[in-house]
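Visitor: The numbering used here puts the first residue of the sequence shown at 41, with every later residue one more than the last. Don't be surprised by glycine CBs; every beta carbon is placed ideally from N, CA and C.
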Amino acid sequence: MNTDQTFWGHLDVLRGCILRILVAVIIGSIAAFCMKDWLFGLIFAPCNGDFIIYKLINADDFHLHLINTGLTEQMMIHLKMALCIGIIAVSPYIIVVLYGFISPALYDNEKRRTIRVVLSAYIMFLVGVTINYLIIFPLTVRFLGTYQISNSIDNMLTISSYIDTLLMMTLLFGIIFEIPVLSWILARLRLLKADWMTHYRRHAIIAILIIAAIITPTADVLTLLIVSLPIWLLYEASIFIVLKTSKHNVTKN
41 MNTDQTFWGH
51 LDVLRGCILR
61 ILVAVIIGSI
71 AAFCMKDWLF
81 GLIFAPCNGD
91 FIIYKLINAD
101 DFHLHLINTG
111 LTEQMMIHLK
121 MALCIGIIAV
131 SPYIIVVLYG
141 FISPALYDNE
151 KRRTIRVVLS
161 AYIMFLVGVT
171 INYLIIFPLT
181 VRFLGTYQIS
191 NSIDNMLTIS
201 SYIDTLLMMT
211 LLFGIIFEIP
221 VLSWILARLR
231 LLKADWMTHY
241 RRHAIIAILI
251 IAAIITPTAD
261 VLTLLIVSLP
271 IWLLYEASIF
281 IVLKTSKHNV
291 TKN
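Given below as C-alpha cells:
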C-alpha cells in the first residue's frame, strides 16, 4: 500500500488523470462527430423494418418517420450523440486511468478483487446496452411508434423524443444488467442469501413481468416474454452467484 505521497501530490496525480480522460473523451467525440453517416445509421436502424429483431418476429413492414421541430435540434443531437459514443469508445482507457490512480492505495488482494468487480461490471453494462439496442428498444419503438388512441390521429414523432428514449433505456438496461455484480458484492458482505432469493422467486418473476410491461407497454405476449427473459435470466444467474459466494464465505471461515 503506497502512502508516501502527500495530499497535494495525490491532487496533482488526480488532476493529471482527469486531464487525460478529458483529452481522450474529446478525441473520441470528435471522431464520432466526423462519422455522422455511420453514427446515425446505427442510431436510426431500429426505425426500419429490415432491423434484425423485426425480421425474427415477422414485423418487417415497420417504418418509423421522425421529424425535426427545432432550428438547432439536429445539431445539438449530433453533438450529444457524438459525446455519448465518444465516452463509450474510450471507456476502457478511462477505467485503466482511474484504476491506475487508486491501485497504489490497495493491497494485492484488494487489487485482484477490484479488477474482477470493475471488469465484470463493465462487461455486464455493455451486454445490457447491446441487448437493449438489438431487442428491447426496437420492440418499444415499434409498439409506441404505431400506437394510436384514434385512427384520426397520426403519430408525428420528433427526433428528440426518439433520442431521449434511446438514451434513457440504454442507461436503464445497462444498470439492470449490473444485478449479478451487485448480488455478488452483497453476498460477499453477507447481506444477501440464495435461500431468500429462491424463496421469493415467484414474487421476483411477477415484479419482472411488471417491469417489462412498463418498459414495453404492449399487449403482445411474445414481446413481453422477450423483454422479460433477459431480466429473469439475470435473476437466476444472481441466485447461482450468491450461492457460490456464500459457500466460499463458509469455507473461508
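1) If you run the structure through DSSP and keep just helix, strand and coil, what is ASN42?
2) State buried or exposed for PRO220, treating a residue as buried only when at least 16 other CB atoms are found within 10 Å of its CB.
3) By a C-beta neighbour count over all protein chains shown, 10 Å radius and 16 as the cutoff for buried, is HIS288 buried or exposed?
4) Could you tell me if MET41 is buried or exposed, where buried requires 16 or more neighbouring beta carbons within 10 angstroms of its beta carbon?
5) Drop a sphere of 10 angstroms on the beta-carbon of ILE279, count the other beta-carbons inside from all chains shown, and report buried for 16 or more, exposed for fewer.
6) Taking C-beta to C-beta, are THR198 and LEU106 nearer than 8 angstroms?
7) Which complete alpha helix (DSSP H) runs does the stretch 114-200 hold, if anything under 4 residues is left out?
8) Buried or exposed: which applies to ASN191, given that a residue is buried once 16 or more other Cβ atoms fall within 10 Å of its Cβ?
9) Are the beta-carbon atoms belonging to ALA99 and ARG182 less than 8 angstroms from one another?
10) Based on DSSP bridge pairs, tell me the residues matched to ASN88.
11) Could you check the C-alpha separation between LYS95 and PRO132 for me, to the nearest Å?
Guide: Let's see:
1) Indexing the sequence shown from 1 puts residue 42 at position 2. Because the pLDDT of ASN42 is 49, which lies under 50, any placement of that residue in the model is unreliable, and the number read from its coordinates should be weighed accordingly. Here ASN42 sits in coil by DSSP.
2) Residue 220 sits at position 180 when you count from the first residue of the sequence shown. Buried: at least 16 other Cβ atoms inside 10 Å.
3) Working through the sequence shown from its first residue, we reach residue 288 at position 248. Exposed is the call here.
4) Here residue 41 refers to the residue found at position 1 of the sequence shown. The predicted model places MET41 with a pLDDT of 45, which falls under 50 and marks its position as unreliable, so this point remains unresolved.
5) Stepping through the sequence shown from its first residue, residue 279 is reached at position 239. Flag for ILE279 reads buried.
6) Here residue 198 refers to the residue found at position 158 when the sequence shown is read from its first residue. Here residue 106 refers to the residue found at position 66 when the sequence shown is read from its first residue. Yes, the Cβ-Cβ distance between THR198 and LEU106 is below 8 angstroms.
7) Secondary structure in the stretch 114-200: the alpha helix (DSSP H) runs of 4 residues or longer, each lying completely within the stretch, are 148-171, 177-186 in chain order.
8) Within the sequence shown, the letter at position 151 stands for residue 191. With a threshold of 16 other beta carbon atoms within 10 Å, ASN191 falls short and is exposed.
9) Along the sequence shown, read from residue 1 onward, the residue named residue 99 stands at position 59. Along the sequence shown, read from residue 1 onward, the residue named residue 182 stands at position 142. In contact: ALA99 and ARG182 (Cβ atoms closer than 8 angstroms).
10) Here residue 88 corresponds to residue number 48 of the sequence shown, with the count starting at 1. HIS103.
11) Numbered from its first residue, the sequence shown carries residue 95 at position 55. Numbered from its first residue, the sequence shown carries residue 132 at position 92. One C-alpha to the other measures close to 33 angstroms.
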